[in-house]
Amino acid sequence: MRTLQRIESGEVTPRSYTIKLIFAALGIDVFDKEVDLTNGLPGTGSPAKQRLHMFYAYLIDLFNFKTNAMKKLTILSFFFLTLCTLIFTACLSTKSTVSKNTDLVGTWQLMRNGVVDTNYGGQNGLIRYKIITAERFTVTDVMPKSKSMWAAFSGPYWLDKQKGSYVELIEIAGEGYQKYNDGTKGVYEYSIQDSVWHVKGVNVPYDEYWKRVK
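So the sequence shown is numbered by the numbering used here: it starts at 152 and just counts up by one.
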């Protein structure tokens with residue numbers, strides 16, 4: 152064991168006799184017969200296990216700074232810098248995904264003629280709300296006087312701030328709105344100013360203004 156430690160630390164150069172003793176301990180006669188290494192070293196298990204063992208040994212050796220210290224420090228530094236970069240990039244990506252739609256998150260009330268519409272569809276007291284979360288939208292009609300509400304439709308949406316586009320996909324439709332649940336994405340141009348959200352349809356005939364109420 153002491154001899155192996157001295158060889159590993161670079162204190163001595165192993166002689167052929169020493170190498171022969173080491174291989175003999177491993178059950179390999181490298182001087183008297185040809186060794187078949189296609190299935191790994193004898194006594195080390197399958198090739199996969201042998202490769203895993205060699206990788207583990209190499210990894211442990213990276214932290215042995217008695218030999219090739221600078222080279223090992225360079226390898227470890229590169230590894231940890233790469234790992235930190237990947238983690239940092241993943242965090243930024245997650246943060247961007249979560250916060251990309253915060254401008255729209257909240258509750259919006261449909262407007263008409265510059266003011267909030269309290270008679271949607273000509274029905275006295277009917278209000279239409281659009282509720283936006285980080286990933287989905289829901290349109291609901293509410294009648295406060297009778298304490299009633301009706302779900303119109305809901306689904307995922309996508310926001311492209313650079314292009315100024317807002318896209319909706321209706322996945323769930325309430326009674327009377329099933330015809331809109333046909334898998335077609337509604338594409339809109341949008342802008343937000345003074346808590347007013349303006350959407351103008353690109354492939355749908357809508358030009359709406361919504362007032363943020365929460």
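Backbone N, C-alpha and C define an ideal beta-carbon position, used for all residues, glycine too. No experiment lies behind these values; they were computed from the predicted model shown.
Grouping DSSP H, G and I as helix and E and B as strand, with all else coil, what is residue i?
{"i": "TYR328", "result": "coil"}
{"i": "SER346", "result": "coil"}
{"i": "PHE231", "result": "helix"}
{"i": "PHE206", "result": "helix"}
{"i": "SER297", "result": "helix"}
{"i": "THR335", "result": "coil"}
{"i": "THR142", "result": "Residue coverage of the chain in this structure runs from 152 to 365, which leaves residue 142 outside it and unanswerable."}
{"i": "PRO356", "result": "coil"}
{"i": "LYS362", "result": "strand"}
{"i": "LYS351", "result": "strand"}
{"i": "ILE321", "result": "coil"}
Measure from the alpha carbon of residue i to the alpha carbon of each residue in the options, then state which is nearest.
{"i": "GLY325", "options": "VAL290, LYS351, TRP309", "result": "VAL290"}
{"i": "GLY315", "options": "VAL338, VAL347, ASN354", "result": "VAL338"}
{"i": "ASN354", "options": "ASP345, LEU320, LYS365, ILE343", "result": "LEU320"}
{"i": "ILE323", "options": "PRO307, LYS312, ASP311", "result": "PRO307"}
{"i": "ASP358", "options": "VAL267, LEU234, GLU340, GLN344", "result": "GLU340"}
{"i": "THR253", "options": "PHE231, THR236, ILE282", "result": "ILE282"}
{"i": "MET294", "options": "THR284, TYR271, GLU286, SER305", "result": "TYR271"}
{"i": "SER305", "options": "ARG363, ASN332, GLN274, GLN201", "result": "ASN332"}
{"i": "TRP309", "options": "LEU255, LYS362, LYS217, ALA220", "result": "LEU255"}
{"i": "THR284", "options": "ALA199, GLY257, LYS362", "result": "GLY257"}
{"i": "LYS362", "options": "PHE206, LYS330, SER297, ASN264", "result": "ASN264"}
{"i": "SER346", "options": "MET262, ALA199, MET221", "result": "MET262"}
Could you check if residue i is buried or exposed, using at least 16 other CB atoms within 10 Å of its CB as the buried criterion?
{"i": "ARG279", "result": "buried"}
{"i": "ALA303", "result": "buried"}
{"i": "VAL350", "result": "buried"}
{"i": "PRO356", "result": "exposed"}
{"i": "GLN260", "result": "buried"}
{"i": "LEU237", "result": "exposed"}
{"i": "TYR360", "result": "buried"}
{"i": "LEU232", "result": "exposed"}
{"i": "LEU203", "result": "exposed"}
{"i": "LEU224", "result": "exposed"}
{"i": "PHE288", "result": "buried"}
{"i": "LEU234", "result": "exposed"}
{"i": "TYR317", "result": "buried"}
Mind reading off the beta-carbon distance from residue i to residue j? Whole number of angstroms is fine, and I expect it under 8 Å.
{"i": "ASP311", "j": "MET300", "result": "Not confirmed; about 31 Å, so no contact."}
Considering only residues of the segment 250-284, which uninterrupted beta strand (DSSP E) runs meet the minimum length of 3 residues and lie entirely inside it, listed in chain order?
-> DSSP runs (the beta strand (DSSP E)) wholly in the segment 250-284: 257-263, 278-283.
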